[in-house]
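Student: Under the numbering used here, think of the first position of the sequence shown as 317, with each following residue one higher.
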Amino acid sequence: MSRATAAVYDYRDYLDREQDDHEYDSWRGLVAHLDEPYPAGDALDMPGEFYATRAEQIIREDREVRARRMRGVVAALVLAGLLALGLALATPVIARAIAAAGSGLVLSRYTEVGLGAVPAVEAPVIDASSGAVAESPPAPEAPAAPSAPATSGDYAVTGPPSLSVEQIERVLAKYGSPAQGHGQTLYDLGVRYGIDPAYALAFFVHESGCGTKGVARFTMSIGNIRWTPGYENYEGYRKYDSWAASMEDWYKLITDLYIGQWGLRTVDQIVPVYAPAADRNHPPSYISSVKSMVDYWRGK
């Protein structure tokens with residue numbers, strides 16, 4: 317068994333253990349291209365060795381993430397044990413103090429201070445269903461702003477196109493994408509919104525194999541964007557009338573929300589919010605997939 321084959325099937329075993337449905341498309345993509353010969357001079361076709369390296373990298377990163385999580389669980393258990401021990405030791409002391417206070421303990425909305433009585437400070441009313449202060453519930457928190465401006469070396473999505481229209485069309489054709497013929501649209505919208513279309517294409521490949529897998533076959537969505545009011549709803553995802561409309565909506569989402577409001581400009585900053593782990597995604601492998609594809613297409 318070749319190194320490429322062994323690595324890809326190790327990746328499948330990992331997915332079977334994790335029950336990670338989202339990443340099965342990536343595995344199927346690896347298997348589909350595993351035995352393809354490497355066409356000389358064609359920088360867009362990834363040989364088996366590349367896929368083997370990618371599979372091994374994903375497995376290694378996942379093991380590191382799980383190890384960090386386990387260390388966090390152990391630390392939390394130790395802390396909980398220490399707190400329980402401290403509470404057990406402190407309880408008798410608190411009980412004796414309360415007993416000694418006797419009648420001096422006032423259980424009312426007034427607290428005796430000096431010669432008179434003044435109203436005690438009352439706690440705000442808490443909505444038990446949400447844990448928020450009823451009078452002024454907090455607004456949803458945006459992701460933390462990046463500490464420094466992003467550069468192209470940080471895989472910033474902003475910038476001029478790094479792929480030609482012909483290169484985009486070749487990738488779409490390789491995947492048998494129903495969006496073939498829209499390479500010029502993807503390119504022109506990238507120029508208009510100031511985002512390198514290589515990243516839009518990489519998201520498209522990772523999310524649905526360029527529209528050949530999952531709900532994208534019915535929604536014509538390049539990014540599998542979750543539904544919000546104002547859009548047609550298909551199983552919780554935005555549905556479009558055309559691939560061009562979907563492409564523009566993806567660029568607009570990244571430009572207006574992720575960059576304009578949240579200041580997230582790099583693949584590492586965007587992906588954990590765009591495809592959070594809480595939604596059964598695996599951000600490290602998603603980030604690795606996008607970077608690997610963009611690098612390969614660029615010929616790095």
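For glycine and all other residues, C-beta sits at the position ideal for the given N, C-alpha and C.
1) Quick check: the Cα distance between residue 486 and residue 575, rounded to an integer number of angstroms?
2) Would DSSP call residue 472 helix, strand or coil?
3) Using a Cβ-Cβ cutoff of less than 8 Å, which residues in the same chain neighbour residue 510 once the five nearest sequence positions on both sides are dropped?
4) Could you say if the segment 553-560 and the segment 531-539 meet the contact criterion of at least three C-beta pairs nearer than 8 Å?
5) Run through the DSSP bridge pairs and tell me what residue 590 is partnered with.
6) Do residue 479 and residue 514 come within 7 Å of each other at the CB atom, strictly closer than that value?
7) Could you pull the start and end residues of the beta strand (DSSP E) that residue 548 belongs to?
8) Does DSSP put residue 382 in a helix, a strand or coil?
9) In the DSSP assignment, what residue or residues form a beta bridge with residue 556?
10) Terminal residues of the continuous alpha helix (DSSP H) containing residue 495?
11) For residue 575, does the three-state DSSP call read helix, strand or coil?
12) Count the other CB atoms, across all protein chains shown, that sit within 10 Å of the CB of residue 410; report buried if there are 16 or more and exposed otherwise.
13) Assign residue 542 to one of three DSSP states: helix, strand, or coil.
14) For the alpha helix (DSSP H) that residue 490 lies in, which residues bound it at each end?
15) I'd like to confirm the pairing. Which residues does DSSP put opposite residue 511 in its beta bridges?
16) Since residue 506 and residue 567 are thought to touch, with beta carbons under 8 Å apart, how far apart are those beta carbons, to the nearest angstrom?
17) Per DSSP, what kind of secondary structure is residue 464 in: helix, strand or coil?
18) Measure from the C-beta of residue 545 to each C-beta in chain C and report whether the shortest distance is under 7 Å.
19) Determine the burial state of residue 548: buried for a count of at least 16 other Cβ atoms within 10 Å of its Cβ, exposed for fewer.
20) Strictly by DSSP, which residues pair up with residue 535?
21) Please classify residue 610 as buried or exposed, where buried requires at least 16 other C-beta atoms within 10 Å of its C-beta.
22) Do residue 488 and residue 496 come within 7 Å of each other at the CB atom, strictly closer than that value?
23) May I ask you to list the residues that DSSP assigns as paired with residue 582?
Tutor: Taking the structure as given:
1) 29 Å
2) strand
3) 474, 475 and 571
4) yes
5) The partner list for residue 590 (beta bridge, DSSP) is empty, contrary to what the question assumes.
6) yes
7) 548-550
8) helix
9) Its beta-bridge partners do not exist; DSSP assigns none.
10) From DSSP, residue 495 is part of no alpha helix (DSSP H); its letter is neither H nor E.
11) helix
12) exposed
13) strand
14) 481-490
15) 474
16) 7 Å
17) Confidence is the limiting factor: at residue 464 the pLDDT is only 48, short of 50, which leaves the residue's position unreliable, though a coordinate-based value still follows. It is coil, neither helix nor strand.
18) Chain labels in this structure do not include chain C; a single protein chain is all it has.
19) exposed
20) Its beta-bridge partners do not exist; DSSP assigns none.
21) buried
22) yes
23) 472
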